[in-house]
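Enquirer:
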Amino acid sequence: MRTRLSICARKRRFGSQEAALAAALEGSVPLRTYRCDRCDQYHLTSRTKGKRLLRLPGNADQPT
-11 MRTRLSICAR KRRFGSQEAA LAAALEGSVP LRTYRCDRCD QYHLTSRTKG
39 KRLLRLPGNA DQPT
């Protein structure tokens, strides 16, 4: 699914997946990174339907 330009413009952009992942790990809700097809950079999303989440050590109750 293509990202809407208006959504891309509102979101924070990260130059690398590593930078986006570091920011995602700082959040209080589960986030995942994705490469935007509009700006070719990385964004964060809380939408996880059908996607695998990173399991953190010591967080056995967090979904995968």
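Residue numbers (the working numbering): -11 to 52. Every residue gets a Cβ at the ideal spot worked out from N, C-alpha and C, and that includes glycine.
Give me the Cα-Cα distance between S(-6) and Y30, rounded to the nearest whole angstrom.
Expert: If you take the alpha carbons of S(-6) and Y30, they lie about 15 Å apart.
Enquirer: Which whole-angstrom value describes the C-beta separation of R1 and C27, a residue pair presumed to lie in contact below a C-beta threshold of 8 Å?
Expert: The Cβ separation is near 6 Å, so the contact holds.
Enquirer: Would you please state the rounded distance, in angstroms, between the beta carbons of A10 and L32? I believe it to be under 8 Å.
Expert: That pair is no contact at about 11 Å.
Enquirer: Check whether the Cβ atoms of R34 and V17 sit closer than 9 Å, and answer yes or no.
Expert: Correcting the residue identity first, residue 34 is Ser in this sequence and not Arg. Their beta carbons are under 9 Å apart, which means S34 touches V17 by this criterion.
Enquirer: How is L19 classed by DSSP in three states: helix, strand or coil?
Expert: L19 falls in the coil class under three-state DSSP.
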